[in-house]
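A.B. asks: Numbering (numbering that gives the first Met the number 0), first residue to last: 0 to 258.
Backbone N, C-alpha and C define an ideal beta-carbon position, used for all residues, glycine too.
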Amino acid sequence: MNIIALLEQTKELRTELNKHSVYASLNNLKNVKHFMHYHAFAVWDFMSLVKYLQRAFTCTTLPWTPSKNAAIARFINEIVLAEESDVMPNGVSVSHFEMYLLAMEEVQADTTHIRNFVDAVAKQTEPVTTVLAHMELDDCIKTFLNFTFTTIESGRDHCVAAAFAFGREDIIPEMFLNVVQSLEDGEKIPAFKYYLERHIELDGDEHGPMALEMMNTICGNDTQKWQEATDTAIAALKHRISFWTTIEFRSQQILSTEH
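(1) Distance check for S255 and H36, CA to CA, integer angstroms please.
(2) May I ask you to report which of helix, strand or coil DSSP gives L85?
(3) Look up V93 in the DSSP assignment and say whether it is helix, strand or coil.
(4) Grab the span of the alpha helix (DSSP H) containing L5 for me, first residue to last.
(5) Here's the rule: buried if 16 or more other CB atoms are within 10 angstroms of the residue's CB, otherwise exposed. What is R54?
(6) Compute the distance between the beta-carbons of T150 and M0, then report whether it is under 8 Å.
(7) Is it buried or exposed, A161, if we count other Cβ atoms within 10 angstroms and call 16 or more buried?
(8) For V130 and V120, I'd like the C-alpha separation in whole angstroms.
(9) Closest to F163 by C-alpha separation, out of K18, H206, A39, would be which residue?
(10) Using the C-alpha atoms, what's the distance from N145 back to D44?
(11) At what residues does the alpha helix (DSSP H) containing Y22 begin and finish?
(12) Going by the CB atoms, is the gap between F143 and L25 shorter than 8 Å?
(13) When you compare each of S241, R249, I253, M103 to E15 by their alpha carbons, which one comes out closest?
(14) Using the Cβ count rule (16 or more neighbours within 10 Å means buried), how would you classify T124?
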């Protein structure tokens with residue numbers, strides 16, 4: 000197996016995800032705010048995949064030693080630099096997660112659940128999957144996060160890389176930006192627009208191919224790794240599709256009660 004085979008086996012799911020009907024529902028700020036309430040958890044857990052890969056493919060211990068693959072190390076460090084410490088227009092450095100929370104507050108989306116969750120996780124020494132079991136969150140959020148952290152806790156680099164490569168947020172910024180640009184008061188939400196523009200700029204033509212090249216390097220000629228990576232990529236896509244479907248359903252439920 001190789002990356003071409005993996006892409007072929009995930010082609011239909013990737014197409015289904017990219018054409019999901021939830022995107023069409025993001026046609027007004029009210030629906031966007033509802034979507035952001037859930038999507039914030041995916042923005043947060045993405046960084047744990049990134050930090051796992053940084054620990055696996057760069058040197059984060061003392062004494063320092065050179066990484067086994069400088070190209071992968073550079074790619075991961077570039078992602079960490081941008082995602083963990085980007086720069087706002089005013090020169091202040093913030094993570095993209097924090098930037099997303101600022102954008103949520105700007106459009107008056109509720110950030111209570113995501114902030115309480117992150118605070119709870121920060122105080123715990125148990126695995127995230129254990130913490131999740133005791134938290135009051137929508138089941139779709141728990142299911143989505145459980146998949147991510149079960150993958151991380153497996154300790155299989157190729158599987159975490161597959162979840163990272165095929166669970167990215169690359170389509171979301173463009174969908175959001177189309178909504179923001181169509182709003183009459185779009186100029187009143189600069190933080191939201193800046194977050195989206197930064198993601199579109201950073202997740203352009205470079206990061207996608209580099210993520211696939213990373214998969215090639217990690218799996219090499221190991222058939223078992225390719226199969227496990229493919230299984231993980233398929234599972235990641237299915238979890239994302241299911242997450243989107245539930246979010247859309249919840250949104251429709253809210254709309255129906257308001258009429």
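C.D. replies: According to the structure shown:
(1) Translated into the one-based positions of the sequence shown, residue 36 becomes position 37. Translated into the one-based positions of the sequence shown, residue 255 becomes position 256. If you take the alpha carbons of H36 and S255, they lie about 19 Å apart.
(2) As a working note, residue 85 is residue 86 in the sequence shown. According to the sequence displayed, residue 85 carries Asp and not Leu. Strand.
(3) Working through the sequence shown from its first residue, we reach residue 93 at position 94. In the structure shown, V93 sits in a strand (DSSP, three-state: E or B).
(4) Along the sequence shown, one-based indexing puts residue 5 at 6. Start and end: 2 to 17.
(5) On the sequence shown, position 55 is the one that residue 54 refers to. R54 comes out exposed.
(6) The count along the sequence shown starts at 1 and reaches residue 150 at position 151. The count along the sequence shown starts at 1 and reaches residue 0 at position 1. No, the pair does not count as a contact, with Cβ atoms beyond the cut-off.
(7) For this step, residue 161 is matched to residue 162 along the sequence shown. Answer is buried; the Cβ neighbour count reaches 16.
(8) Taking the sequence shown and counting its residues from 1, one reaches residue 130 at position 131. Taking the sequence shown and counting its residues from 1, one reaches residue 120 at position 121. If you take the alpha carbons of V130 and V120, they lie about 7 Å apart.
(9) The residue given as residue 163 occupies position 164 in the sequence shown. That would be H206, whose Cα lies nearest to the Cα of F163.
(10) Sequence index remark: in the sequence shown, residue 44 carries index 45 (1-based). Sequence index remark: in the sequence shown, residue 145 carries index 146 (1-based). D44 and N145: Cα-Cα distance of roughly 10 Å.
(11) Taking the sequence shown and counting its residues from 1, one reaches residue 22 at position 23. Here Y22 belongs to no alpha helix (DSSP H), and DSSP marks it neither H nor E.
(12) In the sequence shown, counting from the first residue as 1, residue 25 sits at position 26. In the sequence shown, counting from the first residue as 1, residue 143 sits at position 144. No.
(13) On the sequence shown, position 16 is the one that residue 15 refers to. The option with the nearest alpha carbon to E15 is S241.
(14) On the sequence shown, position 125 is the one that residue 124 refers to. Under this definition T124 is an exposed residue.
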